[in-house]
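> Remember, our numbering sits 6 above the position in the sequence shown when you count from 1.
The beta carbon of each residue, even a glycine, is placed where N, CA and C say it ideally should be.
Computed from a predicted structure; not experimentally measured.
What follows is a structure written as structure tokens; I'll ask about it next.
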Amino acid sequence: MMQIDRLRLVGFKSFVDATELTVGPGLTGIVGPNGCGKSNLVEALRWVMGETSAKRLRGGEMDDVIFAGSAERPARNIAEVALTLDNSARDAPLVFNDREQIEIVRRIERAGGSVYRVNGREV
């Protein structure tokens, strides 16, 4: 069974700066005070895994996942989420089974579409 190793976010909603979360084996919880980004973190995971509905990500349009700016920080023009999976058991589909890790990256540009890459190859 594949497991999540890492989740990296850049410019996704409230995660304006590059943020990387490492997930260890076993049970993982996401805790913190109101407004710290817990829901945005879960939405980033849903988005990189293929969510196509902006409404399900609490937005009006898919561009709404891109950091919109604040009084202190300018808006970003791109958002990117990378999900790294442990594939040491070789449970992935055959075409991706040549590596111990699989990296899935979804990137969106403002007023553009999103692009997926798996292990560096656009899909």
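#1: Going by alpha carbons, who is nearest to A85 out of G35, A50, T58 and E57?
#2: Distance check for N83 and D23, CA to CA, integer angstroms please.
#3: Could you name the residues of the same chain whose beta carbon sits closer than 7 angstroms to that of D94, not counting the 5 residues immediately before and after it, in chain order?
#4: Kindly indicate which residue of E67, I72, P31 and R12 has the alpha-carbon position closest to the one of N46.
#5: Which residues in the same chain have their Cβ closer than 8 angstroms to the Cβ of N125, if we skip the five residues on either side of it in sequence?
#6: Could you tell me if G38 is buried or exposed, where buried requires 16 or more neighbouring beta carbons within 10 angstroms of its beta carbon?
#7: Under the rule that 16 or more other beta-carbon atoms within 10 Å means buried, what is L15, buried or exposed?
#8: Verify whether the separation of the beta carbon atoms of V111 and A81 is less than 9 angstroms.
#9: To which residues of the same chain is D97 closer than 7 angstroms at the C-beta, ignoring the five residues directly before and after it?
#10: What first and last residue would you give for the beta strand (DSSP E) that runs through A85?
#11: Starting from V124, trace the alpha helix (DSSP H) both ways and give me its first and last residue.
In short:
#1: The residue labelled residue 85 in the question sits at position 79 within the sequence shown. Selected option, being the one with the closest Cα: A50.
#2: Start at 1 with the first residue of the sequence shown, and residue 23 comes out as number 17. Start at 1 with the first residue of the sequence shown, and residue 83 comes out as number 77. Rounded to whole angstroms, D23 to N83 spans 13 angstroms at the Cα level.
#3: As a position in the sequence shown, residue 94 is number 88, starting the count at 1. It is worth fixing the name first, because residue 94 is Ser in this sequence and not Asp. Once the five neighbours on either side are set aside, the close Cβ partners of S94 are E106.
#4: As a first step, residue 46 must be located in the sequence shown, where it is residue number 40. Of the candidates E67, I72, P31 and R12, the one whose C-alpha sits nearest the C-alpha of N46 is I72.
#5: Looking up residue 125 in the sequence shown gives position 119. Same-chain partners within the cutoff: F102, R105, I108 and E109.
#6: Counting from one through the sequence shown, the residue named residue 38 turns up at place 32. Per the 10 Å Cβ criterion, exposed.
#7: Here the question's residue 15 lines up with position 9 in the sequence shown. Answer is buried; the Cβ neighbour count reaches 16.
#8: In the sequence shown, residue 111 corresponds to position 105, counting from 1. In the sequence shown, residue 81 corresponds to position 75, counting from 1. The answer is no: Cβ separation not under 9 angstroms.
#9: Residue numbering aside, residue 97 sits at position 91 when the sequence shown is read from its first letter. For D97, where only same-chain residues beyond five positions count, the Cβ hits under 7 angstroms are M7 and M8.
#10: By 1-based counting over the sequence shown, the position of residue 85 is 79. Where A85 is concerned, the enclosing beta strand (DSSP E) stretches over I84 to D92.
#11: Indexing the sequence shown from 1 puts residue 124 at position 118. First-last for V124: S120 to V124, but that is the beta strand (DSSP E), not the alpha helix (DSSP H).
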